[in-house]
Structure formats: structure tokens, C-alpha cells
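*Asks:* Dumping the structure here so I can ask a few things about it.
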Amino acid sequence: MLMKKSLHIILTIAMALMLANALATAQNLWPDYTGSATCKGCHASMVGEFDRSGHPWKVQRIDRSKVVGGVYKPFPTGTNIDGVPLAPEALAMGYSYTSADTNVAYLIGGFGWKARWMNKQGYIYEGTKAQYNLGTHHPTMKGHGSYNATNVSNRVFSLRDTVAKTGGMYNCGACHTTGWKAYNASTQPVRYNNLPGFDGTFLEFGVQCEACHGPGKAHADNPPGNIVKQPYDGTYGCIACHARGGGTRIPVKSGAKFLDHREQFDQMQFTKHRRTAKMTCTTCHDPHKSTIYDRGGVKTAGKQCTPCHSNKAVSITKVVSGVSTPVPHSCQDCHMPFIGNTAIEQNDNRSDQASHMWKINTDPVGKIPAMWPTGGTNVTIPTDSVVAHTLDFACLGCHTTKNLSWASGYAKGIHSKSIVVRVEGVDAQVPSAFSLAQNYPNPFNPTTSIVFGLPQNSDVHLAVYNMLGQEIRILTQGRLTAGTYNVTWDGRDANGQAVASGIYLYKLVTDSWMQTKKMVLTK
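Each residue of the sequence shown is one higher than the one before, starting from 1144 at the first, in my numbering.
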């Protein structure tokens, strides 16, 4: 009996020593870090705005005081004010944010695209209602969906082992926390708060200041003498998390329908923007601000491509009740389609994360086999190392009833012609004869409108010429239906360059009629 008691005491002491050693190890894992609260002392404005970006909200311990009407609402004003609700099916099973014995303890994400939950032990819930999709870019698709449901026999909201209460381990900390240290029984035997579901430990929840800038204690102790590290060239501070392929390949997912999420650098690496123009992530992005919720995370350079591509503007027009008016389309609509998948799929060609390839292959070929072979796991990098997405992404994600041949017919030469889309009620105001009105205003600066009428369907070529008869700019070209059209000229040539003041001609050519008029551009 005495021996057993002594053995019990020895084991108890040994366990206490092991725990004390583990805690001491945890305390010494980040001796060079200072924590984001320290950074806020001097950089309150920047850290405050950064808190409204998605980075600090990658994972968090659920704060019960932020539950409103059964919905978890921890996010800052101006971001996801709707919060993250548990699925009704999960509530019906007894899960809750607020009950005394609740086993919903941690939230993954929830700021911008999707949210998942973890239990008190750090294991991730799975099931048919174990993911909440915010519907970013696609609001009609907001709601609960499945996460890894095949591992839990299609249960609604559960852990893999409902007896032992274990599930998927949380091993996402390298990109979701600050100071992540992966668990290793020999070299790093510490888990966050000794919870078995965490496959490592970390200093702070979410991507905080030191996740990108590196340890900042020396800077905090002596700001003038120790300058905080700047992420190298505005790109390699991002590559650690935004490159699943490590900058050498572009991974594919979702049954070979889309690119994997969070791999923007992999795509950018194989573009002329990076290889030739030496653009970095921060050329277009402010890393301290959110790219959604209109927080300014996308700089002017990221919104406007024309400063560098002034000759690539596209004139797209819609016709309503017989009168043509321009349709605002940004470069990003076609050159940055939703090619990456993180939460939802709107259709087979449109997901929820924007492409960073930019180049478009205008041939009538689809992503299979043009981008990756059937069943492929990576995008095939061309010999010139410049990747391009296909028209099923650039066009058919929106034009879901069309095909690649239709898309290619419009896409080729799109930057040198005008396109008319969506004709509605044209017959109500069909002109009785061909006509070309005098431009208005005239003289003009900087823009003028030209109205022409078609009594019947016809091929049309409307262009501006100088007094030598040289074509300056094509305003409209293609097959148009009968109706009245209003086209605007901005005083620029086909290369996007402003032309000199003077007299210009504009000429309309149809299948059976032609007319030319003069106009005066003043400066």
C-alpha cells in the first residue's frame, strides 16, 4: 500500500514537473515578440484600420458577450455587421453560443468569406451544416453549407468521433495565427492551452502585426535604433500564406473546376505584371486595409488599369427601348474573374476569389484541357511562363447560356471594337430610314455624342478620321439590330492617346448606306 502511495506521489510530481516545463517552454517560445497591443501604443490609427481587415479575424475564441439574438457578432463596425449564426439544424441538436455547457468554443473565419466552428478541445466541427458562407460577391448564396461532410457520415453538425468528442485537428495556424509553432513530440511538445485539438501553439489569435513584420520586441524597446522589418518588396511578406504552390505551381481543386483558394501569388508569379513590370502585391493592395467592405484595401492602381493600358478600353453598350447607352464594365470583370474557390461555387465557371492571371486566352477552348488536363492537380505553365485563363471563366461565368464559340467570336479583337449587348424593346422605336445625326456638342471638348439610326439589321462600321482620311478610332463595329444608337467619342485615338484639336470626320457605313459628317475638337 505504501509503495503504491509513493508511486502515485512520484507520478503526480512527475506530471506536475512536465506541465510546469511545458508552460515554461510556452512562455519562452516567443522571446523576441511584443504583441499587437504594444504596437497599437504608437500606431493606433494603422492598427485600428488593420483590425477592420480580415487578417486579425482568421481564428478567435468566442466571446459570449458578443452574441446578439443567438448570432455571434464580434466584428468591427463597417465590416461583417450581420455576424455568424449557427445553423438552425445545429441549434435544434442542442448546440448554442451561450448555453452554460456549450461546446462551441472557437470560430474560424467569419469576416469575409466563410466561418467554421471548433469545440472546447480545439477540434473542428464537420457536417452538412458545419460551414457558414457569407456570400461575398454573391449575396444570394449566403447561408449554411457542408464542410468535409463525408468524414462524418453526412451528419448535420458533429465531430468525427462523437464518443471521444474528437474531430478534425486545427493545423491552420501558420496562416491563421501569429507566432505559430507546430506540435512535435520531441522538439516542440506544446499545444495551445494543452488542448488536444490544436496541432501546435501560438502567441496571438489571427494574423497580427508581427505575423508579417516579424518579432518586434527590439523595436518596441528602442524604436529609433531598431527599425521594424518591412515585408520584402511588398510581395514576399504575402507569399508565405498566399501561395499554396510556393510560387512554382498553381494548384487546382473542387473536382478540377477551380483553382485552390489563397494562391494569388502563384498566379501572379507567371504573369507579365510580375516578370516584366515587376509589380508586387502592394502595387495594388494596402495590406493594412480590407479589400472588401469598401475599406480601401484596393488602391487606385488596382482599380484602374488604363494608366498603363490606355489603348485597351472596351466600349460596351446596351440597348433599351431602342436607345443605346454605355454600360460600365471594369477591366476586372473579365480579366479578374472568380476563378478561385474558398467558400461557394455560383456555377461551374464562377466561384468566389478573383483571378490574378489577368491574361485571357480568347480561343474557343475550355479550362480542360487548355489550363489543366482532365483530373489535373495543377495549371500547366506554358513555355513562356505566362499563364492565361480561358473564356469559360472570363465570359461564361456570367453568360451561362452561351458557349465558347460565341464567347471567342466577341472576345477576339475586343479592344479595337465596340460591342452591343442586351437588346430590349428595340422595335418600339425603329427608324424609318438610315440616319447619322450631327454630333453634339459641336465644337466639343472633351467628349461628344453621335446618334445614328438603323431601319433594319445591318453590319455597321462607325469610325473617326482625320482630314487626310486616316482612320483614328473605331467607335462601333459589328452586326447591330434595327434601332437608334448613341455613341460617345472621348477625343482619343485607338491607342488611347488624346488627339490634337482640329476638324475630324466621322463616317457610318452599313450594308446599303453610307454617310460622312464633320466635327470640331477644341482644346
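Backbone N, C-alpha and C fix where the C-beta goes; we use that ideal spot for every residue, glycine too.
Note that this is a predicted model, so its numbers are computed, not measured.
1) Quick check: what's the CA-CA separation for His-1604 versus Lys-1660?
2) Could you tell me which whole beta strand (DSSP E) segments of length 3 or greater appear in the stretch 1469-1518?
3) With a 10 Å radius around its C-beta and 16 neighbouring C-beta atoms as the bar for buried, classify His-1362 as buried or exposed.
4) Suppose contacts are defined by Cβ-Cβ distances below 9 Å. Is Val-1529 in contact with Thr-1414 by that definition?
5) Would you kindly work out how many angstroms separate the C-alpha atoms of Gly-1213 and Gly-1286, rounded to a whole number?
6) So is the beta-carbon of Gly-1349 under 8 Å away from any non-hydrogen atom of the ligand ADP?
7) For Arg-1207, I'd like the list of residues in its chain whose CB is within less than 8 Å of its CB, leaving aside the five on either flank, ordered along the chain.
8) Given a cut-off of 9 Å on the beta-carbon distance, is the pair Gly-1359 and Thr-1320 in contact?
9) Of the choices Gln-1351, Gln-1599, Trp-1632 and Cys-1182, whose alpha-carbon is the least far from that of Ala-1606?
10) Since I believe Tyr-1215 is in contact with Val-1227 (beta carbons under 8 Å), could you give me their beta-carbon distance rounded to a whole number of angstroms?
11) Taking 8 Å as the cut-off, does the stretch 1294-1305 touch the stretch 1316-1330 (at least 3 CB pairs, one atom from each stretch)?
12) Within its chain, find whatever has a CB closer than 7 Å to the CB of Thr-1168; leave out the 5 residues flanking it on each side and keep chain order.
13) Taking the alpha carbon of Ile-1251 as the reference point, which residue from Glu-1269, Gly-1184, Ala-1235 and Thr-1245 has its own alpha carbon closest?
14) What span of residues does the beta strand (DSSP E) with Leu-1547 cover, start to end?
15) Tell me whether Gly-1253 is buried or exposed, calling it buried when 16 or more other Cβ atoms sit within 10 Å of its Cβ.
16) Entirely within the stretch 1366-1449 and at least 4 residues each: give me those alpha helix (DSSP H) ranges in chain order.
17) Between the Cα of Asp-1527 and those of Lys-1400, Gln-1620, Ala-1187 and Arg-1418, spot the shortest distance and give me the residue it belongs to.
18) From Leu-1534 to Gln-1407, what does the alpha carbon distance come to, in whole angstroms?
19) Who are the near neighbours of Pro-1598 in its chain, counting only those whose CB is closer than 8 Å to its CB and skipping five residues on each side?
20) By Cβ distance below 7 Å, which residues in the same chain neighbour Asp-1491 in space, the five residues on each side in sequence not counted?
21) If distances are taken between C-alpha atoms only, which option among Lys-1396, Gly-1634, Thr-1293 and Ala-1513 comes closest to Ser-1453?
22) What's the C-alpha gap between Ala-1531 and Cys-1477?
23) Hey, quick one: how far does the alpha helix (DSSP H) through Glu-1668 stretch, first residue to last?
24) With a cut-off of 8 Å on the beta carbons, I'd call Met-1189 and His-1431 a contact; round off their distance for me.
25) Taking three-plus beta-carbon pairs below 8 Å as touching, is the stretch 1185-1199 in contact with the stretch 1434-1444?
26) Once you ignore the five residues that flank Lys-1147 on each side, which residues in its own chain have a CB closer than 8 Å to its CB?
27) Using only alpha-carbon positions, find the residue among His-1542, Val-1642, Pro-1586 and Asn-1600 that is nearest to Asn-1609.
28) Applying the criterion that 16 or more other CB atoms from any shown protein chain within 10 Å of the CB defines a buried residue, is Asp-1602 buried or exposed?
29) Give me the DSSP bridge partner(s) of Tyr-1176.
30) Are Glu-1353 and Cys-1182 touching if we call contact CB-CB under 9 Å?
31) Between which two residues does the alpha helix (DSSP H) holding Val-1190 run?
32) Smallest Cα separation from Gln-1640: which of Ala-1420, Pro-1586 and Ile-1615?
33) Quick check on Pro-1282: does DSSP put it in helix, strand or coil?
34) In chain order, which beta strand (DSSP E) runs of at least 3 residues are fully inside the stretch 1202-1284?
35) Report yes if the CB atom of Leu-1172 is closer than 9 Å to the CB atom of Leu-1346, and no otherwise.
36) Taking just the CA atoms, how far does Gly-1357 sit from Cys-1381?
*Replies:* Straight from the coordinates:
1) 14 Å
2) 1481-1484
3) With 16 or more other Cβ atoms from the protein chains shown falling within 10 Å of its own Cβ, His-1362 counts as buried.
4) In this structure, Val-1529 places its C-beta atom within 9 Å of the C-beta atom of Thr-1414.
5) 15 Å
6) Looking for the ligand ADP in the displayed structure turns up nothing, as the structure carries no ligands at all.
7) The residues are Tyr-1240 and Thr-1241.
8) no
9) Trp-1632
10) Indeed, because the Cβ distance is near 5 Å, the residues count as touching under 8 Å.
11) Because the criterion of three Cβ pairs below 8 Å is not met, the stretch 1316-1330 and the stretch 1294-1305 do not touch.
12) In this prediction, Thr-1168 scores a pLDDT of 47, lower than 50, which makes its location untrustworthy; the coordinate-derived value is nonetheless stated afterwards. Taken in chain order, the residues that qualify are Val-1333.
13) Glu-1269
14) Counting along the chain, Leu-1547 falls outside any beta strand (DSSP E), though it belongs to the alpha helix (DSSP H) covering 1547-1554.
15) Its Cβ being crowded by 16 or more others within 10 Å, Gly-1253 is buried.
16) 1407-1412, 1415-1418, 1424-1427 and 1443-1446
17) Arg-1418
18) Cα to Cα, the separation comes out at about 19 Å.
19) Val-1573, Pro-1574, Ser-1575, Ala-1576, Phe-1577 and Ala-1625
20) Lys-1400
21) Closest by alpha carbon: Gly-1634.
22) 12 Å
23) An answer regarding residue 1668 cannot be provided, because it is not within the stretch 1144 to 1666 covered by the chain.
24) 6 Å
25) yes
26) Confidence is the limiting factor: at Lys-1147 the pLDDT is only 48, short of 50, which leaves the residue's position unreliable, though a coordinate-based value still follows. Answer for Lys-1147: no residue qualifies.
27) In terms of CA proximity to Asn-1609, Val-1642 leads the group His-1542, Val-1642, Pro-1586 and Asn-1600.
28) exposed
29) Looking at the DSSP assignment, Tyr-1176 forms no beta bridge with any residue, so it has no partner.
30) yes
31) Its alpha helix (DSSP H) spans residues 1187-1193.
32) Ile-1615
33) helix
34) 1202-1204, 1249-1252, 1257-1261 and 1270-1276
35) yes
36) Distance from the CA atom of Cys-1381 to the CA atom of Gly-1357, rounded to whole angstroms, is 13 Å.
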